[in-house]
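K.L.:
Residue numbers (the numbering used here): 344 to 636. The beta-carbon is built from N, C-alpha and C at its ideal position, and this holds for glycine as well. In this text, all values refer to a predicted model and were calculated from it rather than measured experimentally.
#1: Candidates 544, 626 and 405: which alpha carbon is nearest residue 573's?
#2: Thinking C-alpha only, which one of 396, 406 and 520 is nearest residue 588?
#3: Counting along the chain, where does the beta strand (DSSP E) carrying residue 484 start and finish?
#4: Could you give the DSSP three-state label for residue 627: helix, strand or coil?
#5: In angstroms, rounded to a whole number, what distance separates the CA positions of residue 479 and residue 516?
#6: Applying the criterion that 16 or more other CB atoms from any shown protein chain within 10 Å of the CB defines a buried residue, is residue 540 buried or exposed?
#7: So which of 501, 413 and 551 has the shortest CA-CA distance to residue 511?
#8: Are residue 596 and residue 455 touching if we call contact CB-CB under 7 Å?
#9: Please report the Cβ distance between residue 411 and residue 623, rounded to the nearest whole angstrom; I am assuming they are in contact, meaning their Cβ atoms lie under 8 Å.
#10: Buried or exposed: which applies to residue 613, given that a residue is buried once 16 or more other Cβ atoms fall within 10 Å of its Cβ?
#11: For residue 423 and residue 497, what's the separation of their Cα atoms in angstroms?
#12: So what does DSSP say about residue 540, is it helix, strand or coil?
#13: Quick one: Cα of residue 619 to Cα of residue 580, how far?
#14: Which residues in the same chain as residue 432 place their Cβ atom closer than 6 Å to its Cβ, once the five residues preceding and following it in sequence are excluded?
#15: Just to confirm the assignment, what range does the alpha helix (DSSP H) spanning residue 423 have?
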């Protein structure tokens, strides 16, 4: 029969073993926790460093058909806005690569997901602001003109006034979401493959009016020697500001303050207007050489 003392002594090795095991577990647990904490700190430091480092290159893409501000040649995104933004970032030591992504909806999806870093000319909306950082000031205000033959159709003041007439505009040109939808449902609007064809049709009376961006219409009237033959109706098609948009998924820093300041200088000094005019001719050259006559 085992007495109480013997029973107590018989438990000592087990108790000692349990205490020793607990000590081992405690030590290992501390090691694991410290290792995990250290790993977490490293991740945080890497993230902070990644966010604070300046970008060395960015990829831009944008609307395929808003010349002369922005358009695509099926390989790159071109236009006044890409040129202005690229000039600024290049001076900051950042390489800018241009890509062509097709339709604007695809461009916007890729900008929000971070597959594209920057869109140099885009419409600002509350929905996009969650995933896109917009730079002030707007890089351009897009306006459209309704051109008619001089002395004809002076009573055009609203979209509804266009219902009874036949119009023309370049194919693929966005006239604003609201007007595009209205035109699809209510208007007879021919879309020409060649951009200047609409003015040629208007000149000979095949259509009653032509819709062009302000700068495009003025350029074509000058180039085609049509000055004095047309006038602008009072119809307000669309007018919207275009901004430089930067993806919030970008994992490096851009000099946003400098970008804003230099862009503001370009707009106020006339340099931006000069770049827009240059790109009118570049786009016209592209239009004449790449598209069928």
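P.N.:
Once the coordinates are examined:
#1: Comparing Cα positions, the closest option is 544.
#2: Its Cα nearest to that of residue 588, the residue 406 stands out among 396, 406 and 520.
#3: Following the DSSP letters along the chain, one finds residue 484 inside the beta strand (DSSP E) bounded by residues 475 to 492.
#4: Of the three classes helix, strand and coil, the one that applies to residue 627 here is helix, per DSSP.
#5: For residue 479 and residue 516, the distance between alpha carbons rounds to 25 Å.
#6: Residue 540 is buried by the Cβ-count criterion.
#7: For the residues 501, 413 and 551, the minimum Cα distance to residue 511 belongs to 551.
#8: In this structure, residue 596 lies away from residue 455, with their beta-carbon atoms at least 7 Å apart.
#9: About 4 Å; that satisfies the 8 Å criterion.
#10: Counting C-beta atoms within 10 angstroms of its own C-beta, residue 613 has fewer than 16 neighbours from the protein chains shown and is therefore classed as exposed.
#11: In this structure, the alpha-carbon of residue 423 lies about 33 Å from that of residue 497.
#12: Helix.
#13: Roughly 21 Å separates the two Cα atoms.
#14: Within its own chain, the residues whose Cβ lies closer than 6 Å to the Cβ of residue 432, once the five positions on either side in sequence are excluded, are 439, listed in chain order.
#15: Residue 423 -> alpha helix (DSSP H) spans 423 to 434.
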